[in-house]
Structure formats: C-alpha cells, structure tokens
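Protein sequence lines correspond, in order, to chains A and B.
Going by numbering that gives the first Met the number 0, the first residue of the first sequence is number 0, and it counts up by one from there.
Going by numbering that gives the first Met the number 0, the first residue of the second sequence is number 0, and it counts up by one from there.
Built from N, CA and C at the ideal position, the CB exists for glycine as well.
What you are looking at is a predicted structure, and each value in this text was computed from that prediction instead of being measured.
A quick write-up on the structure given underneath.
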Amino acid sequence: MNDHLLSMHDLTAADVVRILDTAESFREVGTRVIKKVPALRGRTVVNLFLENSTRTRISFELAAKRLSADVINFSASGSSVAKGESLKDTALTLQAMGADAIVIRHSSSGSPLQLTRWVDAHVLNAGDGTHEHPTQALLDLYTMREKLGHLEGLRVAIVGDVLHSRVARSLSVGLVTMGADVTLVGPPTLIPPDAPGWGVHVSYDIDGVIPKLDVVYVLRVQRERQRLEYFPSVREYARLFGLSRRRAAMLPEHALIMHPGPMNRGVEIDSDVADQPASVIEEQVTNGIAVRMALLFLLLGGRREDAA
Amino acid sequence: MTAAVMGADDVRRALTRIAHEIVERAPRAEGVALVGIADRGDDLARRLSAEIGRIEGVTVPVGALDITFYRDDIGMRAEAPEVHETRIDFDLTGVIVVLVDDVLFTGRTIRAAMDALFDLGRPRAIQLAVLVDRGHRELPIRADYVGKNVPTNPADDVRVTVAELDGEDAVLLEAAT
Chain A
0 MNDHLLSMHD
10 LTAADVVRIL
20 DTAESFREVG
30 TRVIKKVPAL
40 RGRTVVNLFL
50 ENSTRTRISF
60 ELAAKRLSAD
70 VINFSASGSS
80 VAKGESLKDT
90 ALTLQAMGAD
100 AIVIRHSSSG
110 SPLQLTRWVD
120 AHVLNAGDGT
130 HEHPTQALLD
140 LYTMREKLGH
150 LEGLRVAIVG
160 DVLHSRVARS
170 LSVGLVTMGA
180 DVTLVGPPTL
190 IPPDAPGWGV
200 HVSYDIDGVI
210 PKLDVVYVLR
220 VQRERQRLEY
230 FPSVREYARL
240 FGLSRRRAAM
250 LPEHALIMHP
260 GPMNRGVEID
270 SDVADQPASV
280 IEEQVTNGIA
290 VRMALLFLLL
300 GGRREDAA
Chain B
0 MTAAVMGADD
10 VRRALTRIAH
20 EIVERAPRAE
30 GVALVGIADR
40 GDDLARRLSA
50 EIGRIEGVTV
60 PVGALDITFY
70 RDDIGMRAEA
80 PEVHETRIDF
90 DLTGVIVVLV
100 DDVLFTGRTI
110 RAAMDALFDL
120 GRPRAIQLAV
130 LVDRGHRELP
140 IRADYVGKNV
150 PTNPADDVRV
160 TVAELDGEDA
170 VLLEAAT
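Structure representation (structure tokens):
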C-alpha cells in the first residue's frame, strides 16, 4: 500500500483484500468489553473536517481511539480556518504539532492530494468535493463481501445522483477493481458524461435493472450540492428513481439494500424499505469503524520509508 | 544448512507428554483453557485439547489469540504486521489459561499475549506451553511445558510446520551462514 489513501484508484485488488481481511480482525475488537487495543499508542491522528460531517468524523474518531491513538478534532467553525487561515497554513501547523496521520474532509476535490505535498503525515481522504470517498467505498465492499460471500461477479446498481457523489465514484472504482458488474442508474442529467469510461453500465430505467441485482445502492439526493436544477421536482425524482416498496419487492430474495447515509426518507428510499431486513444500512456504520481501524493500522503500522 | 530437529512422530510424542503434564498439575484439566497464539500455536492448542480429551475424557475449551495489536515493534518494521483472527468464545475470568505457541525465543510474543489476555478477562493463572524453546530470552519469561529444548545461535532460524497449514509436522533449524 501507498503512504496515503487518496483514491480507490490507488488500490489493487490485493490491497483491497488485505484491508478487508484486516478489518475482519478489528471487528472482533469491537465486540469486546474493552474495545481497545494498544496498536497505535503514542501516535497522533488529526481529523481535519473542513466540511460538515457527523458519521464519518465520529467513525474515524472511534477507530483511532480504539487503536489507542491520540485524536485531535479540527473543524472549520470555531477554528483558525474561520478566521481565514489557508489550508496550507493549517496543514503546516498540524505538521509542526507532530501529526502522524491527517484525515481530511474538504469541499474542494483534490485537496487531500495537495495536503500530501505540504506534510509528512499519512493523509486519508474522508471525502473531497465531488471526487472520492474511499473509506466509504471500502466499508461498503466489506459489507457486501460479508453478507454475500464474494465481490467478483456481483451485480450492483448505484442509483441516484452519481454526478455529485464521491461515494458513487469511489465505490464504482472499487467494485470494478474487484471484478463486480456495476450499473449506474439515474436521470441522464445526474450521470457523469464520462461514466462509460469507468468500466460500468449506465441505465435510465431502474425497473429494468432491479430484478437482476445482488445489491441496490441508493445514493442520497444532495440538495445542498446542486447549484442547478437537475430534475423537475423531488416528487418526480422519488416516483422515477426512488426505492419504493413496490421496487424493493422486485429485488431477488438475497439482495441487499444499501445507503451511505444520511437518508432522505421518502425521497430516494421509502421509510419502511430502509427499515426492512434486507437493508444493511446500520451494519454499514458498524463496519465503517473496523475498516477505518484497518486503514489507520496498515498506514501507520509500518515504517515510513523516509524515517529509516 | 537446514536440519530437522523434530519429525512428525517427535511432535506427536511431545504434545502427548505436554498434555499429560497439564493434567498432572490440574487434575482432569479442571478450570483449564487452552489459548494458542496465531498462527500455528492455535493449531497446536487444538491438538493438545484433543489429546487431553483422549486421556481424561473431558472437553477443554480452545481459543485462538492474535497478538499483532500488542506487539512492541509496530512502526519499526517496513510493513504493518499481518493480522490474524482472535477467537475466544469463552470467559477467561477465573480460568487457568495455558498459552500455546510454537517457538519460545525472546519472550516478546508472550509478553504481548499476556497483555492481550488481560484485555479479555482476568485469568486465575497463565501458564505457557511451547513446542520448542530455543533460548535467548530478552524478558523474564519461562515456559511451564516444553516439547524440546533446542540450543541455537541468535541469528539461526527455527521454523515449525504444522499439518493443518503446511501439510506436515516438523521443526526445522536453519543455521545462520
């Protein structure tokens, strides 16, 4: 593995398997009375969240704490960033404080890569703009492998606002790396024009796709990220692409229903569909901690080349 | 140069003897549990449990322990160490835990294993069974049950193979050149 986790493109199939296998061991730690191991004692992990996030930040914080690392949470509001400090100056400050890893979420695509040019710490991308969200993709791969036994050949549809979704981008790359069969489904305005180059299929008809799926992955309608109107109304979107009770009933028996959260119940997914047994949305959250522990351990558990 | 220190029969006899010694100290293996250090130690622990079962007609609980997260050299090796699975589905509190490992060398693995055990419960006692003791301890640790003492140089390589993973039971000593 590289020194950083910036994009799912950085990972080979063997890397993904290693991360998921390591996460498997860390899930056991989460079932103990003492949910903590001393693996990263004395290391400092900085959560640099310059865009709002609850679950990813908490998940990373718990992961680092369960590894006995020291955690510093840094968010835009109430910090020097609110006073106008640049990302570079913030980064150099964290560097001077001896951060071993920086988990960054930022509204600008590519900012994690930029960060690696300024600091020696390992950088983990926790979501950058509309670019990538690799840790979410890895926890989703973990959940699929756990529930269905394998990733190769899995038929997965990613439904919704693919254009603005870093989750969709990272997950598509990861699934294609692992040999799965991916179909992106959504209104044409929300499917990126370069999508056919990702090695995936594209469909505008959810009802034609659903009966053959192993996994339906529902994306959040990101109203806050839309500067233009990409579809006429939320009601029309729900009717054409929402995972309704009727559509959920068309899924094969074994199929999983997944969502990266937070959900807009009644828009992209019906409330009772989100709560039915096929839905593994809560397991996704639990697995997220184990996967992030694995990533921190694999990145920080080895010796840095330049430190030797 | 590689020399076989123990063959499959030697390993079998050593495990049988250790099984007898364990029940000698704890009659009918009352309150005893075996915890093998992954990998290979867990395979040896399962065999010891079966052997005690054969001798005494009792079932001795067996678990597997991964000590990776408790190592003292994390961040000092080029790659993060490989992680195995911990599976101990019984309560350790009040139990006499016999730790089982293939080779006892510096004692650092056993130190890590004891730390790991205490995060899982409070055993009444911890004992140590090893197939090979090759000397050169760096910590004040000794084994209660030893299959074979093998004099080595610190730079030598002692390798245990087990039928479950490697197809064959053996202890090999590769002398440093």
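query	result
Close Cβ partners of residue 246 (chain B) (< 7 Å) along its chain, the five nearest in sequence each way excluded	Outside the displayed range of chain B (0 to 176) lies residue 246 (chain B), so it cannot be described from this structure.
Where residue 25 (chain A) falls: helix, strand or coil (DSSP)	helix
Assigned exposure category for residue 100 (chain B) - 16 Cβ within 10 Å defines buried	buried
Segment contact flag, the region 289-305 of chain A with the region 14-23 of chain A, C-beta cutoff 8 Å, min 3 pairs	yes
Proximity of residue 32 (chain B) and residue 89 (chain B) at Cβ, strictly below 8 Å	yes
Which listed residue (A:176, A:121, A:186, A:76) has its alpha carbon closest to that of residue 231 (chain A)	A:186
Beta-carbon proximity of residue 190 (chain A) to residue 172 (chain A), cut-off 8 Å	no
Where the beta strand (DSSP E) through residue 59 (chain A) begins and ends	Looking at the DSSP string, residue 59 (chain A) is not in any beta strand (DSSP E); the run it does join, the alpha helix (DSSP H), is 54-65.
Rounded C-alpha distance that separates residue 211 (chain A) from residue 156 (chain A)	10 Å
Test: residue 299 (chain A) CB closer than 8 Å to a CB of chain B	yes
Candidates B:86, B:119, B:70: closest to residue 93 (chain B) by CA position	B:119
Nonlocal neighbours in the same chain, by C-beta distance under 7 Å from residue 177 (chain B), ignoring five residues either side	Absent from the model: residue 177 (chain B). The displayed extent of chain B is 0 to 176, so no value can be given.
Which of helix, strand or coil DSSP assigns to residue 51 (chain A)	coil
Within chain B, the residues that residue 38 (chain A) reaches when beta carbons sit closer than 7 Å	68, 73
Buried versus exposed, by CB contacts within 10 Å (16 or more), residue 8 (chain B)	exposed
Test item: CB-CB of residue 55 (chain A) and residue 159 (chain A) under 8 Å	no
Cα-Cα separation between residue 248 (chain A) and residue 51 (chain B), rounded to whole angstroms	54 Å
Secondary structure of residue 15 (chain A), DSSP reduced to three states	helix
Residues near residue 302 (chain A) in its chain [Cβ-Cβ closer than 8 Å; skip 5 each side]	none
Min CB distance residue 112 (chain B) to chain A below 8 Å	no
8 Å Cβ cutoff, residue 164 (chain A) in contact with chain B	no
Contacts that residue 288 (chain A) makes with chain B (C-beta to C-beta distance below 9 Å)	By Cβ distance, chain B contributes nothing, its closest Cβ being about 15 Å from residue 288 (chain A), past 9 Å.
Completely contained alpha helix (DSSP H) runs for the region 90-140 of chain A, where each covers 4 or more residues	110-115
Range covered by the alpha helix (DSSP H) that runs through residue 175 (chain A)	165-176
3-residue-minimum beta strand (DSSP E) runs that sit fully inside the region 42-119 of chain B, ordered along the chain	61-64, 95-103
Rounded C-alpha distance that separates residue 204 (chain A) from residue 184 (chain A)	7 Å
Secondary structure, alpha helix (DSSP H): runs of 4+ residues fully inside the region 202-231 of chain A	205-208
Extent of the continuous beta strand (DSSP E) to which residue 74 (chain A) belongs	69-74
Exposed unless 16 or more other CB atoms sit within 10 angstroms - verdict on residue 177 (chain A)	buried
Interface partners of residue 122 (chain B) on chain A, CB under 7 Å	Within chain A, no residue comes near residue 122 (chain B); the closest Cβ sits about 14 Å away, beyond 7 Å.
Nearest neighbour of residue 272 (chain A), chosen from A:244, A:96, A:279 [CA to CA]	A:244
Selection from A:167, A:90, A:214, A:65 that minimises the alpha carbon distance to residue 119 (chain A)	A:90
Cβ separation of residue 148 (chain A) and residue 130 (chain A), assumed to be a contact under 8 Å, to the nearest whole Å	Rounded, the Cβ-Cβ distance is 31 Å, inconsistent with contact.
C-beta contact flag for residue 3 (chain A) and residue 115 (chain A) at 8 Å	yes
Within-8 Å CB hit, residue 395 (chain A) to chain B	Only positions 0 to 307 of chain A appear in this structure, which leaves residue 395 (chain A) out of reach.
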